Amino acid sequence: MKLNLLEYKDHKAYLVGFAVLVTFIFVLVLSFVNELTKEQVKKNQELFLIRAVLESMQIPYQNDQEALTIYRGRIGVKEVRGKRIFFTNPPEDKKYAILFSGNGLWSIIQGIIGVDSQFERLTGIAFVEQNETPGLGGRIEEPWFKGQFQGEKLVNGTVAFRTGQADPGDRDKDNGSVDAITGATSTSKSLETILKKALKDLEERVKEGGL
13 MKLNLLEYKD
23 HKAYLVGFAV
33 LVTFIFVLVL
43 SFVNELTKEQ
53 VKKNQELFLI
63 RAVLESMQIP
73 YQNDQEALTI
83 YRGRIGVKEV
93 RGKRIFFTNP
103 PEDKKYAILF
113 SGNGLWSIIQ
123 GIIGVDSQFE
133 RLTGIAFVEQ
143 NETPGLGGRI
153 EEPWFKGQFQ
163 GEKLVNGTVA
173 FRTGQADPGD
183 RDKDNGSVDA
193 ITGATSTSKS
203 LETILKKALK
213 DLEERVKEGG
223 L
């Protein structure tokens, strides 16, 4: 069936109007859903951070609710020069932690690093965000890698990354170093640099904040 010019224009206007209406409704629905979930997303992000703080300080918990209870009762937070410093409250053995963030190979690497009261040894590390290559840089989240940081001695205020080890997973807690990820040189070097700065920032701010 052929449409005359007037009918064609009306038909075209209808299609354009319909497309605009559908787009408007779609955007409206997305905005509504985003508003509904925004608060929950924020709570989930905060809970993830809380779990990371406890993990970096080697404070065990059984579930999310217990993590919240422990955090609220045993962990203090103070902002010093734009950075949040986490610390244990008495009668806990004093420990400190800081959120670190920096560029990895592909994107941001973010996490928490903890130290003891004398800044002599690390207490642990936990990651909040990373998108490094799976099977390579992404292995920084594997237990064997993170376990190297627990109780590791700090040398000159930081920890070094060793490369080329035949048996990855440094077990010497007094040599001030951990084994890097084999085949992920860029990620390892980036993380080493990020942690060096974070530990320096943490020590400076603990002193400045009177913690």
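Residue 13 is where the sequence shown starts when you use our numbering, and the numbers rise one by one after that. All C-beta atoms, glycine included, are put in the ideal place defined by N, C-alpha and C. Remember, predicted model here, so these are calculated numbers, not experimental data.
By the 10 Å Cβ neighbour count, where 16 or more other Cβ atoms means buried, how is D184 classified, buried or exposed? exposed
Less than 6 Å between C-beta atoms, sequence neighbours within five positions excluded: which residues of the same chain meet that for S200? F173, A192 and I193
Would K107 pass as a contact of E132 if the rule is Cβ separation under 8 Å? no
8 Å contact criterion, which G123 and F99 should meet: CB distance rounded: That belief does not hold up - the Cβ atoms of G123 and F99 are roughly 17 Å apart, past 8 Å.
With a threshold of 16 other CB atoms inside 10 Å of the CB of R93, please say whether the residue is buried or exposed. exposed
Curious, which full-length alpha helix (DSSP H) runs of at least 4 residues does the segment 71 to 99 contain? 76 to 86
Less than 8 Å between the beta carbons of E67 and G136, yes or no? yes
Quick check on DSSP: helix, strand or coil for Q122? strand
Every unbroken beta strand (DSSP E) inside the segment 172 to 222 [3 residues or more]: 172 to 174 and 189 to 191
Excluding the five sequence neighbours on either side, which residues of its own chain have a C-beta within less than 6 Å of the C-beta of E220, listed in chain order? V92
Can you give the beta carbon distance from G169 to E216, rounded, assuming they're within the 8 Å contact cut? Contact doesn't hold; Cβ gap of about 10 Å is too wide.
Quick check: the Cα distance between A210 and F36, rounded to an integer number of angstroms? 46 Å
Using only the alpha-carbon positions, how far apart do F112 and I87 sit? 18 Å
Starting from D105, follow its DSSP beta bridges and name the residues at the other end. Looking at the DSSP assignment, D105 forms no beta bridge with any residue, so it has no partner.
Count the other CB atoms, across all protein chains shown, that sit within 10 Å of the CB of Y20; report buried if there are 16 or more and exposed otherwise. Because the pLDDT at Y20 is just 48, under 50, the model does not fix this residue reliably, and the point stays unresolved.
Alpha carbons only, please: which of G85, T197 and L59 is nearest the one belonging to D236? Any answer about residue 236 is impossible in this case: the structure gives the chain only from 13 up to 223.
On the DSSP letters alone, give me the boundaries of the beta strand (DSSP E) that G136 sits inside. L134 to E141
In the DSSP output, which residue or residues are listed as bridge partners for N56? DSSP, once it has assigned bridges, lists no residue as partnering N56.
Alpha-carbon spacing of K208 relative to N56, whole angstroms: 28 Å
Please classify F131: does DSSP put it in a helix, a strand, or coil? coil
Identified DSSP bridge partners for I110: I97 and I125
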